[in-house]
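The structure appears right after this line, and notes come after that.
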Amino acid sequence: MSIVLLGPQRRPSLDKIVTALGLPGPFVTITAGWQEREKDDADLDRHLRERSRNLHLWHRMQHVFEVDPEYALAHHARRAQLLELQGLYQLGLSHTVKFLEELRHRTTGSAGMRELAVQDAIGVFRGIDRQHIARVREIQGRFYAEYPPHERPAIVQHRQEVAALMADASAVVLAGGHVVELLDALHLFNVTATGLGRLPIIAWSAGAMALTSQVVLFDEHAVRGPGCAEVFDQGLGVLPDLALFPAARQRLRTGDKQNMGLLARRFAPSLCVPLDPGARVEIGDDGSLPPDAPVVDFVGTMGPLADAVGVRAVSEGGERGQAGDQPTA
Numbered sequence: 570m571s572i573v574l575l576g577p578q579r580r581p582s583l584d585k586i587v588t589a590l591g592l593p594g595p596f597v598t599i600t601a602g603w604q605e606r607e608k609d610d611a612d613l614d615r616h617l618r619e620r621s622r623n624l625h626l627w628h629r630m631q632h633v634f635e636v637d638p639e640y641a642l643a644h645h646a647r648r649a650q651l652l653e654l655q656g657l658y659q660l661g662l663s664h665t666v667k668f669l670e671e672l673r674h675r676t677t678g679s680a681g682m683r684e685l686a687v688q689d690a691i692g693v694f695r696g697i698d699r700q701h702i703a704r705v706r707e708i709q710g711r712f713y714a715e716y717p718p719h720e721r722p723a724i725v726q727h728r729q730e731v732a733a734l735m736a737d738a739s740a741v742v743l744a745g746g747h748v749v750e751l752l753d754a755l756h757l758f759n760v761t762a763t764g765l766g767r768l769p770i771i772a773w774s775a776g777a778m779a780l781t782s783q784v785v786l787f788d789e790h791a792v793r794g795p796g797c798a799e800v801f802d803q804g805l806g807v808l809p810d811l812a813l814f815p816a817a818r819q820r821l822r823t824g825d826k827q828n829m830g831l832l833a834r835r836f837a838p839s840l841c842v843p844l845d846p847g848a849r850v851e852i853g854d855d856g857s858l859p860p861d862a863p864v865v866d867f868v869g870t871m872g873p874l875a876d877a878v879g880v881r882a883v884s885e886g887g888e889r890g891q892a893g894d895q896p897t898a
């Protein structure tokens with residue numbers, strides 16, 4: 570299974586990539602992150618030589634909500650609970666960010682002692698991240714236990730239709746958009762089990778983020794929020810050893826090497842991969858990154874993996890994430 574990760578497609582390069590990979594089609598496309606605009610995919614279809622079949626996951630999800638109001642009510646209650654949890658998690662992150670800012674401006678004492686304090690702060694970040702994603706999994710687990718999708722007729726019907734569309738596809742094209750809506754749709758229709766794990770994948774932006782084990786949200790220039798990257802939810806687990814950052818130069822303080830180094834150290838052993846416009850990263854069959862893949866290293870430099878300081882290639886070992894985090898119901 571080959572996976573190609575792209576930067577934001579403001580100037581689409583999809584047709585060239587499909588040709589280079591020798592993919593004949595048909596292609597199944599997932600544009601659920603576009604929400605109401607999901608079906609406005611004529612340009613995408615053109616780049617795929619008019620051989621695409623949109624799974625229409627977002628509209629399928631809306632249909633489930635219409636015909637199964639009990640499930641819809643429970644879904645929205647779960648989403649509200651997760652949103653509240655995210656806010657509390659952000660509060661914890663913001664306190665650690667403030668500590669690091671104060672530490673940065675501290676000029677007294679030894680650099681060695683300050684580095685120990687930085688290491689402690691990274692440990693706090695990682696502990697908060699672990700606890701948060703564990704609580705997210707608890708909420709998700711309770712929801713799927715109470716409302717098993719395989720026991721809801723409308724969901725079963727749509728899952729069967731999605732599986733049929735994917736059965737004869739030569740590749741999956743996973744677009745970006747609203748990552749929350751995209752994740753909800755991907756999980757609801759159990760896309761990994763219906764073929765995503767066996768087909769070549771081309772993905773960008775939120776679509777690429779969804780392939781990881783845990784989706785990381787980020788906008789360090791935002792007025793509101795914790796001022797740092799935040800773990801959000803479980804992804805599909807197809808790329809368990811990566812943390813992906815689309816449009817990194819626009820949304821991260823990439824000129825601040827100390828900040829970028831903290832990011833890489835916080836999410837290690839996962840590799841932090843920036844996906845800026847024009848980026849193209851081909852994942853190996855063993856899940857490894859190529860030597861020229863862009864990564865953020867421990868000294869805060871964005872550059873090819875082969876030159877990275879501190880990080881190790883995924884294929885060289887380290888803790889691996891758990892694939893298949895998606896509920897199996």
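No gaps in the numbering here: position 43 of the sequence shown is 612 in our numbering, and each next residue is one more. Virtual Cβ for every residue (Gly too), placed ideally from N, Cα, C.
**Request:** Count the CB pairs spanning the segment 740 to 760 and the segment 625 to 639 that are closer than 8 Å, and state whether there are at least three.
**Result:** Contact holds: three or more Cβ-Cβ distances are below 8 Å.
**Asked** Among residues of its own chain, excluding the 5 on either side of residue 867, which ones have a beta-carbon nearer than 7 Å to its beta-carbon?
**Response** Within the sequence shown, the letter at position 298 stands for residue 867. Excluding positions up to five away in sequence, the list reads 830, 833, 834, 878, 879 and 880.
**Asked** residue 667 to residue 700, Cα distance in whole Å?
**Response** Numbered from 1 along the sequence shown, position 98 holds the residue referred to as residue 667. Numbered from 1 along the sequence shown, position 131 holds the residue referred to as residue 700. Annotation: residue 667 to residue 700 spans about 20 Å, alpha carbon to alpha carbon.
**Request:** Sort out for me which residues DSSP pairs residue 627 with in a bridge.
**Result:** For this step, residue 627 is matched to residue 58 along the sequence shown. Beta-bridge pairing links residue 627 to no other residue.
**Message:** Mapping the DSSP letters down to three states, classify residue 684 as helix, strand or coil.
**Reply:** Residue numbering aside, residue 684 sits at position 115 when the sequence shown is read from its first letter. Helix at residue 684.
**Request:** Could you have a look at residue 812 and say whether DSSP puts it in helix, strand or coil?
**Result:** Numbered from 1 along the sequence shown, position 243 holds the residue referred to as residue 812. Strand.
**Message:** Taking only three categories from DSSP, how would you classify residue 898?
**Reply:** Along the sequence shown, one-based indexing puts residue 898 at 329. Annotation note: pLDDT 46 at residue 898 (below 50); position unreliable, coordinate value reported separately. Coil at residue 898, not helix or strand.
**Request:** Return the first residue and the last residue of the alpha helix (DSSP H) that residue 662 is part of.
**Result:** Against the sequence shown, residue 662 aligns to sequence position 93. Where residue 662 is concerned, the enclosing alpha helix (DSSP H) stretches over 638 to 673.
**Prompt:** Shortest alpha-carbon distance to residue 610 belongs to which of 645, 770, 723 and 744?
**Reply:** Residue mapping note: residue 610 aligns to position 41 of the sequence shown, counting from 1. Nearest C-alpha to residue 610: 744.
**Request:** Would you mind sorting residue 889 into buried or exposed? The rule is 16 or more other CB atoms within 10 Å of its CB.
**Result:** Locating residue 889 in the sequence shown gives position 320, counting from the first residue. Because residue 889 sits at a pLDDT of 33, beneath the cut-off of 50, its placement in the model cannot be relied upon, and the point is left open.
**Prompt:** For residue 740, does the three-state DSSP call read helix, strand or coil?
**Reply:** Taking the first residue of the sequence shown as 1, we reach residue 740 at position 171. In the structure shown, residue 740 sits in a strand (DSSP, three-state: E or B).
**Prompt:** Who are the near neighbours of residue 785 in its chain, counting only those whose CB is closer than 8 Å to its CB and skipping five residues on each side?
**Reply:** Reading the sequence shown from its first residue, position 216 is the one you call residue 785. These residues qualify, in order along the chain: 778, 798, 799, 800, 801, 812, 813, 814 and 836.
**Asked** Just reading off the alpha helix (DSSP H) that residue 862 is part of, what are its end residues?
**Response** As a first step, residue 862 is located in the sequence shown; it is residue number 293 there, counting from the start. Run containing residue 862: none; DSSP gives neither H nor E here.
**Request:** Count the other CB atoms, across all protein chains shown, that sit within 10 Å of the CB of residue 617; report buried if there are 16 or more and exposed otherwise.
**Result:** Numbered from 1 along the sequence shown, position 48 holds the residue referred to as residue 617. By the 10 Å Cβ count, residue 617 comes out buried.
**Asked** What is the DSSP secondary structure of residue 698, reduced to helix, strand or coil?
**Response** Start at 1 with the first residue of the sequence shown, and residue 698 comes out as number 129. It is helical.
**Asked** If you drop the 5 nearest sequence neighbours on each side, which residues of the same chain put their C-beta closer than 7 Å to that of residue 646?
**Response** Counting from one through the sequence shown, the residue named residue 646 turns up at place 77. Here the set comprises nothing.
**Item:** residue 604 - containing beta strand (DSSP E), residue span
**Value:** Within the sequence shown, the letter at position 35 stands for residue 604. In the DSSP assignment, residue 604 falls outside any beta strand (DSSP E), carrying neither H nor E.
**Item:** C-beta atoms of residue 660 and residue 690 nearer than 8 Å
**Value:** Translated into the one-based positions of the sequence shown, residue 660 becomes position 91. Translated into the one-based positions of the sequence shown, residue 690 becomes position 121. Not a contact, by the Cβ cut-off of 8 Å.
**Asked** How big is the Cα-Cα spacing for residue 865 and residue 606?
**Response** Position 296 of the sequence shown, counted from the first residue, corresponds to residue 865. Position 37 of the sequence shown, counted from the first residue, corresponds to residue 606. Each residue's Cα considered, the two are about 34 Å apart.
**Prompt:** From residue 854 to residue 807, what distance separates their C-alpha atoms?
**Reply:** Within the sequence shown, numbered from 1, the residue matching residue 854 stands at position 285. Within the sequence shown, numbered from 1, the residue matching residue 807 stands at position 238. So the alpha carbons of these two residues sit roughly 12 Å apart.
**Prompt:** Would you report the Cα separation of residue 635 and residue 733, rounded to the nearest angstrom?
**Reply:** Here residue 635 is taken as the residue at index 66 of the sequence shown, counted from 1. Here residue 733 is taken as the residue at index 164 of the sequence shown, counted from 1. Taking the straight line from one Cα to the other gives about 23 Å.
**Neighbourhood of residue 579 by C-beta, 7 Å cutoff - its chain only, sequence neighbours within 5 removed** = By 1-based counting over the sequence shown, the position of residue 579 is 10. Only residues of its own chain outside the window of five on either side were considered, and among them 846 have a CB closer than 7 Å to the CB of residue 579, listed in chain order.
**Message:** Distance check for residue 600 and residue 584, CA to CA, integer angstroms please.
**Reply:** In the sequence shown, the residue the question calls residue 584 occupies position 15. In the sequence shown, the residue the question calls residue 600 occupies position 31. Approximately 17 Å, taken between the alpha carbons.
**Prompt:** Skipping 5 residues on each side, what residues in its chain have a beta carbon closer than 6 Å to that of residue 822?
**Reply:** In the sequence shown, the residue the question calls residue 822 occupies position 253. Hits under 6 Å: 789 and 828.
**Prompt:** For residue 789, does the three-state DSSP call read helix, strand or coil?
**Reply:** Working through the sequence shown from its first residue, we reach residue 789 at position 220. In this structure, residue 789 counts as coil in the three-state DSSP scheme.
**Asked** When the distance is taken between beta carbons, is residue 586 closer than 8 Å to residue 770?
**Response** On the sequence shown, position 201 is the one that residue 770 refers to. On the sequence shown, position 17 is the one that residue 586 refers to. By the CB criterion at 8 Å, residue 770 and residue 586 fall outside the cutoff.
**Asked** Considering only residues of the same chain and omitting the five flanking positions on each side of residue 684, which have a CB-CB separation below 8 Å?
**Response** The residue you call residue 684 lines up with position 115 of the sequence shown. Hits under 8 Å: none found.
**Prompt:** Roughly how many whole angstroms lie between the Cα atoms of residue 665 and residue 694?
**Reply:** Stepping through the sequence shown from its first residue, residue 665 is reached at position 96. Stepping through the sequence shown from its first residue, residue 694 is reached at position 125. Each residue's Cα considered, the two are about 7 Å apart.
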